[in-house]
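Remarks on the structure that follows.
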Amino acid sequence: MTSFMPPADRHWWKVPVGRQELVWIAIALVWCIIMFLMMPLWHVYGKQNLSTEAYQTTPAKFGAKVDEMVSKYKVGEEAGIPIVAPPAGSDIYMLGRLWQWYPVLKLKKDQEYRLHLSSMDWQHGFSLQPDNINLQIVPGYDMVLKITPDRSGEYGVICNEYCGIGHHTMVGKIYVED
Amino acid sequence: MSEFRVCPDSGFYFHRSAESLMKVNAVVGIVALLIAGVLAIGVVLTRWQEVHILPADMFYMVLTGHGINALIFWCIFFEMAILHFASSTLLRCRLATPRWGWAGFFLMLIGAIMNNVAVFSGKSSVMMTSYVPMQAEPHFYLGLILFAVGALIQVFVFFGTLVVAHQEKTYEGSVPLVTFGAITAAIIAVFTIASGAIILIPTFLWSIGYVSHIDAEMYRVIWWGMGHSSQQINVAAHVAVWYLIAGVVFGARPMSEKVSRFAFLLYILFLQLASAHHILVDPGISTEWKIFNTSYAMYLAVLASMIHGLTVPGSIEVAQRKKGFTKGLFEWLRKAPWGNPVFSAMFISLVTFGFIGGITGVVMGTEQINLIIHNTIYVPAHFHATVVTGTTLTFMALTYLLIPVLFRRQTFLPWMAKWQPYVFGGGMTILILFMLGAGTMGVARRHWDMDFAGAAMAFEYPAIAYTMMAVGAIGGLLAIVGGAMYLIVAVGSLLFGKKLEASAGILESFAGKPLQASVYDTSKPDVLPMAPKEEAHKGGFEAPGTFALALLLLVTFVVYYFINWKYLASVWPLG
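Chains as they are written, first to last, in numbering that gives the first Met the number 0: chain Y, 0 to 177; chain X, 0 to 574.
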């Protein structure tokens, strides 16, 4: 009954620790170190690492870049939103705003793109489904990441950061073609 | 003159002012839990897509209120009661500056009411996180600020009481382990509240027009210094309560004072780095910062939890073996008092916190793995395993102890109290497991409609995601029933429970000697002696059953951890 009484030994820090605790601490520490090393190792050997490239921006500046891409590479329209097929390797843009992802992107499989993401208003959550890649989209920041879609098909982009009453209607699209 | 009474069942001393303050903090906390629980009905029945009971605006309002009342008001009010208990009662010391204590309490109360008023007016449905630039009404932020200031005052009353106890020499040697854990919680609370003040005060000024702009990314980093750290107050507090309950129910001694205190020290040093867990997929945050912070500097706070995970049940096993439950690895556990809700709630909490809350937390807090989990419903699943089956269930266990000891009432409907931890813990575990599953299918958190009704473009989740949300919701309803059982027992005991006079013999396992009726007098309590010495254990493993359980935890942890890396490897390459 010492958990709520002062330790039996006045110099409790000098009492030797039992073997069982020592063994467990050693095992746990090794596991902690393995988990810690997994993160830098994945940066070296893994393929899913978030880039740290980002720029401060404004809705107006970012919106202008999006519009430029849309006017150059528009190939169609879906539900009133342009479908854009930019060349492989180029800078591509998607913006989040109340309540849509704009525009729809059409990409080539196994090609790398520099995807820029930002918000025009509140915070949004870029959630690529069904792959389940999730990114925080913060207004004022142009987030850049290199993506390489490795399966063709139709992907949904849903918003998973609460952004008001129309949050659930915020669905976008990315098409990946062979 | 300070007045004390001694509880005839437990032998704990209660200073009159401290006792009143403990009672009001605990009761208001339970009221916050009641509000959160009622709101949970709306959340569960809306996210169960086939039922989908609330309209969108109402859902987001209800979810905001549920989060704040449960995560902030319930936990922190109850923790204030624990702090006063761990200082004044455990150290047999008068409460320092009771008036400041009351001032702190009333500030918290006013703040909590003000914030709730803002939420229920419907114009502050911004979720607990209130991410800028979405704006709530000014009194939403002001309420939180007042609450935080009040909590800070009560924390300093706690520190003051420690100083008084030390100066008036009310105890021998070092403070008890439970008090040490409470000090850990209090230190983390100071850090938490400071972070909250740094970000909420400017945000409040922004909401009334004195500040023109709050950077959304800066807000996230600092807000989570409060948002996550406040959950670390919970962890430190509920681990301290685990040790308390092990001592009270089993007469268990900590296996090693040094090891347990060292683990608490690791919490103080590293737990508050967890703000990073929320920033892992944000723009422009450096990789080194993320790796260092998200891992609590090489998982040292995880190490601390793994240590407590061994030493808390280990101390119980040692105590049980001494009583003769020595057969095999697990007789000590089979013969534990599973009908005593103080123990059963605490043990369910220990297991679910470790196996589900701890493991999922580390997995989703891994820098890269967060990519496939961030903002999915996996996240609330994780923190229901830490804050609900972890902290809340522990506080429920403590309530069953405090009803006779602090409130001097007989437990109302003891049969209900006996079943409550199983219903609540079981229902919540179902909810958690199926929400984890739905999260890995990409179901979003904080989302009104997984059918995306009215969206210009369609997206469909697989049918299994709907099934998981439905089964989870049934678990959630079961947990709400369990929560209602708790409230009926707790409130019923205070209103209708028979008043206890002399020793009721309910805690015979640890009350040293039969004591007289619980009356106040002004004589100073006897100095709290050091625990009686015991023969040192002679080598070997004292608690082999616990060690086996710890290894099971480790294997589960390792397997689940690498499964998630495998899953991550299957998504689009990105860099």
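Just so you know, even glycine gets a beta-carbon here, dropped at the ideal spot from N, CA and C.
Below-8 Å beta-carbon distance, residue i vs any chain X residue
i         : result
Ile173(Y) : no
Met0(Y)   : Residue placement at Met0(Y) is poorly supported in this model, since its pLDDT is 49, which falls under 50; the coordinates still yield a value, given next. It does: the Cβ of Met0(Y) has a partner Cβ on chain X nearer than 8 Å.
Pro6(Y)   : yes
Gln110(Y) : no
Tyr161(Y) : yes
His167(Y) : yes
Val43(Y)  : no
Arg18(Y)  : yes
Glu77(Y)  : yes
Met38(Y)  : yes
Asp177(Y) : no
Gly152(Y) : no
Pro85(Y)  : no
Met119(Y) : no
Pro148(Y) : yes
CB contact check: residue i to chain Y, cutoff 8 Å
i         : result
Glu176(X) : In the sequence on display, residue 176(X) carries Leu and not Glu. So, interface residue.
His373(X) : yes
Asp520(X) : no
Gln231(X) : no
Lys417(X) : no
Ile463(X) : no
Glu18(X)  : no
Val361(X) : yes
Pro336(X) : no
Glu366(X) : yes
Thr160(X) : no
Phe540(X) : yes
Phe546(X) : yes
Glu507(X) : The predicted position of Glu507(X) is uncertain, since its pLDDT is 46 and thus under 50; no value can be drawn from it.
Tyr59(X)  : yes
Glu2(X)   : no
Cβ shell of residue i (< 7 Å), same chain only, five flanking positions each side left out
i         : result
Glu507(X) : Residue confidence is low: Glu507(X) scores 46 on pLDDT, short of 50, so the model does not pin down where it sits. Its coordinate-derived value is still stated next. Taken in chain order, the list of residues that qualify is empty.
His381(X) : Gly356, Thr359, Gly360, Met363
Ser304(X) : Gly357
Tyr559(X) : Ile358, Val362
Gly155(Y) : Gln128, Val170, Lys172
Lys512(X) : Confidence at Lys512(X) is low in this model, with a pLDDT of 45, below 50, so the placement of that residue should be treated as unreliable; the coordinate-derived value is given next. So the list is empty, once near-sequence residues are dropped.
6 Å Cβ shell around residue i - same chain, five flanking residues per side excluded
i         : result
Gly475(X) : Val43, Leu430
Gly284(X) : The residue you asked about is not Gly; residue 284(X) is Ile in the sequence shown. Ile278.
Ala251(X) : Ala245, Ser314, Ile315, Ala318
Val470(X) : Phe433
Spatial distance of residue i from residue j (CA atoms)
i         : j         : result
Leu412(X) : Gln135(Y) : 48 Å
Glu541(X) : Val317(X) : 6 Å
Ala135(X) : Leu145(X) : 16 Å
Cys158(Y) : His167(Y) : 7 Å
Pro253(X) : Ile315(X) : 9 Å
Ser206(X) : Pro137(X) : 5 Å
Trp47(X)  : Met468(X) : 6 Å
Tyr161(Y) : Asp177(Y) : 34 Å
Glu533(X) : Leu401(X) : 29 Å
Ala568(X) : Phe324(X) : 48 Å
Val163(X) : Ala472(X) : 49 Å
Pro132(X) : Phe291(X) : 28 Å
Phe249(X) : Asp120(Y) : 57 Å
Ala185(X) : Tyr72(Y)  : 58 Å
Contact list for residue i against chain A, beta-carbon separation under 7 Å
i        : result
Asp90(Y) : The structure shown has no chain A; the protein chains it does contain are Y and X.
Cut-off 8 Å between Cβ atoms - residues of its own chain near residue i, not counting five sequence neighbours on either side
i         : result
Val311(X) : Val238, Trp241, Tyr242, Ala245, Leu349
Ala443(X) : Asn374, Thr375, Ile376, Met449
Arg15(X)  : Ser1, Glu2, Phe3, Arg4, Tyr519
Leu486(X) : Ile29, Leu32, Leu33, Gly36
Pro282(X) : Glu216
Gly441(X) : Thr375, Tyr460, Ala464
Closer than 7 Å: residue i CB and nearest the ligand FAD heavy atom
i        : result
Leu32(X) : The ligand FAD is not part of this structure, which contains no ligands at all.
Point to revise | Within 7 Å of chain X by C-beta, residues of the segment 47-73 of chain Y in sequence order | key: Taking 7 Å as the Cβ-Cβ cut-off against chain X, the residues of the segment 47-73 of chain Y that qualify are Gln47, Asn48, Leu49, Ser50, Thr51, Ala53.
Review point. Does the segment 429-441 of chain X come close enough to the segment 375-392 of chain X to have 3 or more Cβ pairs within less than 8 Å?
Key: For the pair of segments examined, the segment 429-441 of chain X was found to touch the segment 375-392 of chain X: the number of CB pairs separated by less than 8 Å reaches three.
**Study point:** Short-range partners of chain X found in the segment 122-145 of chain Y, where Cβ spacing is below 7 Å
**Key:** Within the segment 122-145 of chain Y, the residues whose Cβ lies closer than 7 Å to any Cβ of chain X are, in chain order, Gln122, Gly124, Ser126, Gln128, Pro129, Asp130, Asn131, Ile132, Asn133, Leu134, Gln135, Val137, Pro138, Gly139, Tyr140, Met142, Leu144, Lys145.
**Study point:** Under 7 Å (Cβ pairs) to chain Y, residues found in the segment 252-278 of chain X
**Key:** Per Cβ criterion, the list reads Arg252, Pro253, Met254, Ser255, Glu256, Lys257, Val258.
Exercise for review: Give the residues from the segment 443-454 of chain X that approach chain Y closer than 9 Å (Cβ to any Cβ), ordered along the chain.
Suggested key: Cβ proximity to chain Y below 9 Å picks out Ala443, Arg444, Arg445, His446, Trp447, Asp448, Met449, Asp450, Phe451, Ala452, Gly453, Ala454 from the segment 443-454 of chain X.
Practice item. Spell out a yes or no on whether the segment 68-76 of chain X and the segment 167-186 of chain X are touching, meaning 3 or more CB-CB pairs, one atom from each, closer than 8 Å. Key: Result no; under three Cβ-Cβ pairs closer than 8 Å.
Practice item. Answer yes if the segment 90-109 of chain X comes into contact with the segment 47-60 of chain X, meaning at least three C-beta pairs across the two stretches below 8 Å, and no otherwise. Key: At 8 Å Cβ cutoff, the stretches do not touch.
Point to revise | the segment 405-419 of chain X / the segment 446-457 of chain X touching (three or more Cβ pairs under 8 Å) | key: Not touching, per the Cβ criterion.
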